[in-house]
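Right, one structure below, let's go through it.
Numbering (our numbering), first residue to last: 87 to 174.
So this is what it looks like as structure tokens:
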């Protein structure tokens with residue numbers, strides 16, 4: 087049987103990563119907007135390219151954390167389903 091601590095640990099950590107990822111998504115849009123502004127005002131292409139790169143890395147991190155959550159949830163469902171079948 088699955089313990090409550092294990093279930094909370096398996097779900098809470100990816101949810102935390104997704105929350106951080108959503109903050110990262112907002113950071114992506116903010117950095118992209120700032121990058122466009124930097125090119126228009128300052129003409130500094132290197133700074134804007136670094137901002138875009140940071141935003142894309144944040145987006146990739148968010149997608150990985152989302153995938154981890156989905157994978158863990160399906161694993162928990164499959165383990166619960168398989169243990170119920172064994173007990174029958």
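Backbone N, C-alpha and C fix where the C-beta goes; we use that ideal spot for every residue, glycine too.
Which term fits residue i, buried or exposed, when burial requires 16 or more other beta carbons within 10 angstroms of its beta carbon?
i           : result
residue 119 : exposed
residue 94  : exposed
residue 174 : Any reading at residue 174 must be qualified, since the residue scores a pLDDT of 48, below 50, and its modelled position is unreliable; no value is offered.
residue 137 : buried
Taking C-beta to C-beta, are residue i and residue j nearer than 8 Å?
i           : j           : result
residue 114 : residue 141 : yes
residue 111 : residue 151 : no
Tell me the DSSP secondary structure of residue i in three-state form.
i           : result
residue 96  : helix
residue 168 : helix
residue 89  : coil
residue 174 : Below a pLDDT of 50, predicted positions are generally treated as unreliable, and residue 174, at 48, falls in that range; no measurement from the model is reported.
Compare the Cα-Cα distances from residue i to each of the options and report the closest residue.
i           : options            : result
residue 158 : 107, 90, 97 and 89 : 97
residue 102 : 162, 154 and 165   : 154
residue 134 : 123, 106 and 165   : 123
residue 99  : 117, 156 and 132   : 156
For this session: Taking only runs that begin and end inside the segment 107–144, name each unbroken alpha helix (DSSP H) of 4 or more residues, in chain order.
Result: none
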